[in-house]
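For the sequence shown, my numbering gives the first residue as -18, with consecutive numbering after it. Even glycine gets a Cβ: it sits at the ideal position worked out from N, Cα and C. Let me begin by presenting the structure, written as structure tokens, before commenting on it.
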Amino acid sequence: MLFYLVCLLSIFMLASNIGYIWYPNSAFTASLGAFDPLYTYFELHFDTTPVVYTEPSFRWLSFASEATMTVFALLFLWFLHQLLKNIHHAGLFTESNVTVLFRFGLTVSILGTAFGYMDSRLSSAAITALDVRNGSIEFTSLYHLDMLFGGIVLLIIASALKTAVRAVEENKKTI
């Protein structure tokens, strides 16, 4: 159910981004209001639309970030569903779970890292549009490294599970 809800939200998010990139003056984008990208860690509200929001490169980066996020979320939910279904039907120590965990680790490593990096670039570009008069703002995000290390941990767990599956299979053959 959650997978299908995320699918519907993904289609709407991607359609709105495509509308802002290719059809900025259409009735669809006018009904959505001003372009306002998604940020992971904070919300920005401007009195007037900043120049950076009108730049095509910023809108493309926002589109790429949201597209990567939606594909990552859908694959995350799909692999989680597959893993839980396999555990329910056949138990933990099966070769299919090793495959699912390995693909899960690759997805987190590649798509999660890409999304984290693009989101931090998007956030940094938006923060430059802030008008701070008596100080400065520096934004440092290492979220993409968290995803990379998380994916590596999943790959290590998949490797350990593969060894355990072999041991269980050998144990079944000897008994």
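My output table needs one value for residue i: the three-state DSSP class, helix, strand or coil.
i           : result
residue 123 : coil
residue 152 : helix
residue 43  : helix
residue 67  : helix
residue 12  : helix
residue -2  : helix
residue 58  : helix
residue 4   : coil
residue -18 : coil
residue 19  : coil
Hey, could you find the ends of the alpha helix (DSSP H) residue i is sitting in?
i          : result
residue 26 : It is not in any alpha helix (DSSP H) - residue 26 carries neither H nor E in the DSSP assignment.
residue 72 : It is not in any alpha helix (DSSP H) - residue 72 carries neither H nor E in the DSSP assignment.
residue 34 : 32 to 35
Exposed or buried, residue i, counting other C-beta atoms within 10 Å across all chains shown (16 or more means buried)?
i           : result
residue 139 : buried
residue 5   : exposed
residue 111 : exposed
residue 34  : buried
residue 93  : buried
residue 40  : buried
Between residue i and residue j, which are expected to be in contact by the criterion C-beta below 8 Å, what is the C-beta distance as a whole number of angstroms?
i          : j           : result
residue 51 : residue 99  : No, residue 51 and residue 99 are not in contact; Cβ-Cβ is about 12 Å, not under 8 Å.
residue -2 : residue 47  : 6 Å
residue 57 : residue 88  : 7 Å
residue 20 : residue 105 : That pair is no contact at about 10 Å.
residue 60 : residue 85  : 4 Å
If you scan the region 78 to 118 from start to end, which runs of the alpha helix (DSSP H) of 4 or more residues do you find wholly inside it? 94 to 108
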